[in-house]
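Worksheet: the structure to be examined is printed underneath.
2 protein chains.
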Amino acid sequence: MKRDSRLSSVLHALLHMAEHDGRMTSDALAQCLGTNPVVVRRTMGLLRKQGLVDSDRGPSGGWRITADLDKVTLRQLHEALGEPAFFAIGHRQETPECLVEQAVNAALDDAFGEAEALLLKRFAHVTLADLAKDFARRHRERKAAKD
Amino acid sequence: MKRDSRLSSVLHALLHMAEHDGRMTSDALAQCLGTNPVVVRRTMGLLRKQGLVDSDRGPSGGWRITADLDKVTLRQLHEALGEPAFFAIGHRQETPECLVEQAVNAALDDAFGEAEALLLKRFAHVTLADLAKDFARRHRERKAAKD
DNA sequence: GCTTCATGTAACTTCATATGTTACGATTCG
DNA sequence: CGAATCGTAACATATGAAGTTACATGAAGC
């Protein structure tokens with residue numbers, strides 16, 4: 020199954036932007052992500068609607084984070100992307116007449132509902148600042164390993 | 020994203036088989052599920068490999084459960100289907116050189132890993148017998164509502 | 001103003017994959 | 001032998017993320 024990697028993408032982009040002074044163009048971000056600038060604009064546009072970033076046109080234009088790193092959570096980003104489905108496994112029919120299928124759906128909803136609640140809770144706790152801190156740690160470690 | 024509904028399908032099929040004396044044909048199961056008999060054979064074939072069901076050809080042939088209902092767990096069925104991915108959200112790149120992407124992957128792996136562990140634990144606890152019991156309860160309730 | 005650099009966005013293509021369908025061979029029962 | 005049934009390959013369809021092309025819009029600098 021093809022997985023939605025937009026959350027991964029925007030996190031990657033936002034952290035690069037956080038490490039970078041001034042604006043970054045769609046082209047530069049696309050290079051960081053190994054993708055196409057139009058894809059960047061499309062995806063970042065969703066974050067702009069939530070006021071997390073802004074963009075400017077023309078020379079010296081590009082993208083910039085407008086929110087506090089320690090205020091932006093994975094949950095918010097997931098919402099900004101339109102709350103894509105977490106799970107790749109689902110029902111065959113949403114509102115079945117058949118009682119057998121109802122029992123099956125109930126059992127699956129139970130398990131997946133619990134897992135989703137856990138994910139949402141975790142997502143609400145993790146901020147961009149947390150990721151930036153982890154990145155900085157990895158950066159120090161790599162540097163130390165070189166010396 | 021298109022979700023894999025095979026787990027839902029096999030549960031539905033197995034419960035119908037459990038309620039039914041003797042073998043059920045792929046055609047009959049396909050009608051229960053609202054799908055095609057070839058899809059049924061394809062999917063049930065995976066369960067046969069694990070010894071959960073068997074099939075006979077010719078007239079009076081069809082499918083039959085060979086395992087104990089209270090021994091078969093959702094976990095086993097998920098395994099029999101080849102352990103399809105639980106999540107529809109993933110990394111953009113599996114083993115990135117970029118430290119930013121490594122930090123992103125680590126954070127996502129953390130959250131999704133925990134959710135997956137929870138799901139596997141739940142799946143290991145739920146048996147076909149549990150579902151059959153829940154179905155019977157729904158059946159009684161519908162009957163009571165009619166009277 | 002003109003040129004250049006950048007975003008905004010529509011339209012289209014590509015790719016992956018679950019699901020559905022057709023076709024036909026193999027096996028079993030009566 | 002003939003009908004019923006599974007086994008399986010090959011092909012078709014559908015969906016949605018991701019990538020691409022094309023062009024319009026707007027801003028900065030000369």
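First to last, the sequence lines map onto chains A and B.
Those letters in the first sequence? Residues 20 to 166, per our numbering, in order.
Those letters in the second sequence? Residues 20 to 166, per our numbering, in order.
Glycine included, each C-beta is placed from N, C-alpha and C at the ideal position.
Any heavy atom of the ligand HEM closer than 7 Å to the beta-carbon of residue i?
| i | result |
| --- | --- |
| Asp75 of chain B | Questions concerning the ligand HEM fall outside what the structure shown contains, since it holds no ligand whatsoever. |
Can you round the beta-carbon distance between residue i and residue j to whole angstroms, since I take them to be within the 8 Å contact cut?
| i | j | result |
| --- | --- | --- |
| Asp169 of chain B | Thr85 of chain B | Residue numbering for chain B in the displayed model covers 20 to 166; residue 169 of chain B lies beyond these limits and cannot be assessed. |
| Leu147 of chain B | Leu88 of chain B | 4 Å |
| Arg67 of chain B | Leu139 of chain B | 23 Å between Cβ atoms; not a contact. |
| Phe142 of chain B | Thr92 of chain B | 6 Å |
| Val59 of chain A | Ala37 of chain A | Val59 of chain A to Ala37 of chain A, Cβ: 16 Å. No contact. |
Residue i: which of the options sits nearest, CA to CA?
| i | options | result |
| --- | --- | --- |
| Gln121 of chain A | B:Val57, B:Ala151, B:Gly80 and B:Lys21 | B:Ala151 |
| Asp149 of chain A | A:Leu34, A:Ser27, A:Val29 and A:Lys21 | A:Leu34 |
| Cys117 of chain A | B:Cys117, B:Phe154, B:Gly77 and B:Ser79 | B:Phe154 |
| Leu52 of chain A | A:Glu38, A:Leu30, A:Ala37 and A:Gln69 | A:Leu30 |
| Arg83 of chain A | A:Val57, A:Leu96, A:Leu48 and A:Pro56 | A:Leu48 |
| His158 of chain B | A:Pro56, A:Val119 and A:Pro115 | A:Val119 |
| Gln17 of chain B | B:Val58, B:Ala37 and B:Ala99 | Past the edges of chain B, shown from 20 to 166, lies residue 17 of chain B, and the structure says nothing about it. |
| Asn124 of chain A | B:Ser27, B:Glu133 and B:Arg161 | B:Ser27 |
| Thr54 of chain B | B:Gln112, B:Gly132, B:Glu113 and B:Ser24 | B:Ser24 |
Can a CB atom of chain A be found closer than 8 Å to the CB of residue i?
| i | result |
| --- | --- |
| Glu133 of chain B | yes |
| Pro78 of chain B | no |
| Ala107 of chain B | yes |
| His31 of chain B | yes |
| Leu52 of chain B | yes |
| Asp128 of chain B | no |
| Arg42 of chain B | no |
| Glu113 of chain B | no |
| Arg157 of chain B | yes |
| His39 of chain B | no |
| Ala104 of chain B | yes |
For chain B, is any of its Cβ atoms less than 8 Å away from the one on residue i?
| i | result |
| --- | --- |
| Ser45 of chain A | no |
| Ala143 of chain A | no |
| Arg60 of chain A | no |
| Ser195 of chain A | No statement about residue 195 of chain A is possible, as the shown extent of chain A runs from 20 to 166 and does not include it. |
| Gln121 of chain A | yes |
| His110 of chain A | yes |
| Asp153 of chain A | yes |
DSSP has residue i in a bridge; who is on the other side?
| i | result |
| --- | --- |
| Val72 of chain A | A:Ile84 |
| Thr62 of chain B | DSSP, once it has assigned bridges, lists no residue as partnering Thr62 of chain B. |
| Asp23 of chain A | B:Ile108 |
| Thr92 of chain B | B:Thr146 |
| Met43 of chain B | B:Trp82 |
Any contact of the region 126-140 of chain B with the region 38-58 of chain A, i.e. 3+ C-beta pairs under 8 Å? Contact check between the region 126-140 of chain B and the region 38-58 of chain A: fewer than three CB pairs, one atom from each, fall below 8 Å, which does not count as touching.
Indicate whether the contact test is met: 3 or more Cβ pairs, each with one atom in the region 99-108 of chain A and one in the region 99-117 of chain B, closer than 8 Å. The answer is yes - the region 99-117 of chain B touches the region 99-108 of chain A, with three or more Cβ pairs under 8 Å.
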